[in-house]
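A.B. asks: Could you have a look at this structure, given as C-alpha cells, before my questions?
There are 2 protein chains.
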Amino acid sequence: MRKKESTDYANEQSLFQLCERNSAISMISGRWKGQIVYYISQGNDRFHLLKQKLPDISETVLSRQLKELESHAILVKREIPNTVPTGIRYILTNKGIDLVPILDTLCNWGKLYADGKKITVYEDKQV
Amino acid sequence: MRKKESTDYANEQSLFQLCERNSAISMISGRWKGQIVYYISQGNDRFHLLKQKLPDISETVLSRQLKELESHAILVKREIPNTVPTGIRYILTNKGIDLVPILDTLCNWGKLYADGKKITVYEDKQV
DNA sequence: ACAATAACTGACAAAATTGTTAGTAACAAA
DNA sequence: TTTGTTACTAACAATTTTGTCAGTTATTGT
Chain A
73 MRKKESTDYA NEQSLFQLCE RNSAISMISG RWKGQIVYYI SQGNDRFHLL KQKLPDISET
133 VLSRQLKELE SHAILVKREI PNTVPTGIRY ILTNKGIDLV PILDTLCNWG KLYADGKKIT
193 VYEDKQV
Chain B
73 MRKKESTDYA NEQSLFQLCE RNSAISMISG RWKGQIVYYI SQGNDRFHLL KQKLPDISET
133 VLSRQLKELE SHAILVKREI PNTVPTGIRY ILTNKGIDLV PILDTLCNWG KLYADGKKIT
193 VYEDKQV
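Residue numbers (the numbering used here), protein chains in the order written: chain A, 73 to 199; chain B, 73 to 199.
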C-alpha cells in the first residue's frame, strides 16, 4: 500500500497533475501488464489461460496485476453463469482496447532499434 | 544494482525475450522519465534547465534518470566546448525523437478517459 | 580567501514492487 | 473420502526503486 505522506507519493501525484502522460505510463508499468493486456486481446480471457501463457507468474501475482488493470478500468471481470466453480472472464473495456494498438506501436519502436536500426544524433553546430 | 539470480530478474528477462513490448515499457517506466524526455524535446537540454522544470527532483535522482535514458540510447550527452564549468547538453537520439509522438499518443489516451469518456464493455452474449 | 556555478557521485535509508507460502470456497469426479 | 477444479486472499520476505545527505571538480567573480 502506498504511503500518502512519502516524498515518493507526493512526487508521483504532482507528475500526474502536471501531465496525463505520467499517469498513463504508470498504468502500463508493472512487470506483466503489457503482456497480460495483449493476451486478453488475443482471446485468453480466463485466469487459467493467462496462467498457461505466462508459466512463470504465480497466481498471487497474476491476481494482483489483474486487479490493478481493473482499477484503471482497462479491464472488467464478469462471472460466467452456470459454471462450477464459477468461471470469471476478463474483458477489455473500450479503454483497454484503445490501449492495444498503442502498445503495439511502442513494441515496434523497440523492435526497430533492437533489430539494428542505427542510433543517430542530429547536432546543430551553430548555436 | 540488479541481482542476476533473483526470480524478479529472471522473469523480467524472459518477458524481454518474449516480446519487445515488455522492454519498451520498461525503458519508459520510472518516476520522471516521460516528463524528462518531453522537456528535452522542448529544448530544455541542460541539467539545470531540467531541474528548473522539475523543482521537486533532486540532483541525484535527475542524474540517475538521465543515465538510464542514456543507457537505452534514448539520449546522449555532449560537452559544450568553451564553457566553464563544462556544460553538458542532453540530446535526444533518433530513437528518443521517435518516442516523443508515441508518448503523446499515450498521453491523449489517458486524457480522453480522464476527461470523462465513458468506459464501456462489449459483451458477446452468444459463446 | 571565499562564494558561486554546472553537473555530478557514493553511501545509505525509505518506500514500493515483486515473489513466496499456505490457505480458502464450493462443487464434481474417482 | 480424497482429489481436482477455478479463482482467488493474507501475511510475509526478497528485491528494486526512489529519495536523502554530504561531498567533488575546476574555474570565475568578489
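All residues carry an ideal CB built from backbone N, CA and C; glycine is no exception. Keep in mind that this is a model prediction, so the values were computed, not measured.
For Val199 (chain A), which residues from the same chain have a beta carbon less than 8 Å from its beta carbon, with the 5 sequence-adjacent residues on both sides left out?
C.D. replies: Confidence at Val199 (chain A) is low in this model, with a pLDDT of 41, below 50, so the placement of that residue should be treated as unreliable; the coordinate-derived value is given next. Correct list: empty, nothing qualifies.
A.B. asks: Whole angstroms is fine: what's the gap from Ala186 (chain B)'s alpha carbon to Ala96 (chain B)'s?
C.D. replies: The C-alpha of Ala96 (chain B) is placed about 24 Å away from the C-alpha of Ala186 (chain B).
A.B. asks: If distances are taken between C-alpha atoms only, which option among A:Ile108, A:Leu164, A:Ile191 comes closest to Ser135 (chain A)?
C.D. replies: A:Ile108
A.B. asks: Within a Cβ cutoff of 6 Å, which residues of the same chain sit near Met99 (chain A), ignoring the five residues on either side of it in sequence?
C.D. replies: His144
A.B. asks: Check for me: the beta strand (DSSP E) holding Arg150 (chain A) runs from which residue to which?
C.D. replies: 147–152
A.B. asks: Bridge partners for Leu164 (chain A) per DSSP, in chain order?
C.D. replies: A:Leu147
A.B. asks: Quick one: which residues of the stretch 174–191 of chain B get their C-beta closer than 7 Å to a C-beta of chain A? List them in chain order.
C.D. replies: Taking 7 Å as the Cβ-Cβ cut-off against chain A, the residues of the stretch 174–191 of chain B that qualify are Ile174, Leu175, Thr177, Leu178, Cys179, Trp181, Gly182, Lys183, Tyr185, Ala186, Ile191.
A.B. asks: What does DSSP give as the partner residue(s) for Arg118 (chain A) in the beta ladder?
C.D. replies: A:Arg161
A.B. asks: Who are the neighbours of Thr165 (chain A) on chain B, taking C-beta pairs under 8 Å?
C.D. replies: Ile191, Thr192, Val193
A.B. asks: Under the criterion of a Cβ to heavy atom distance below 8 Å, does Gly182 (chain B) qualify as lining the ligand ZN?
C.D. replies: Judged by which ligands are present, the structure shown has none, so any question about the ligand ZN falls away.
A.B. asks: Quick one: Cα of Lys197 (chain B) to Cα of Glu151 (chain A), how far?
C.D. replies: Confidence in Lys197 (chain B) is poor, its pLDDT being 48 and thus under 50, which makes the residue's placement too unreliable to answer from.
A.B. asks: Which residue wins for smallest C-alpha separation from Thr158 (chain A), given the options A:Gly188, A:Val193, A:Arg118?
C.D. replies: Of the listed residues, the one whose Cα sits closest to Thr158 (chain A) is A:Arg118.
A.B. asks: Can you list, in chain order, the residues of its chain whose CB lies under 8 Å from that of Gly188 (chain A), leaving out five sequence neighbours each side?
C.D. replies: none
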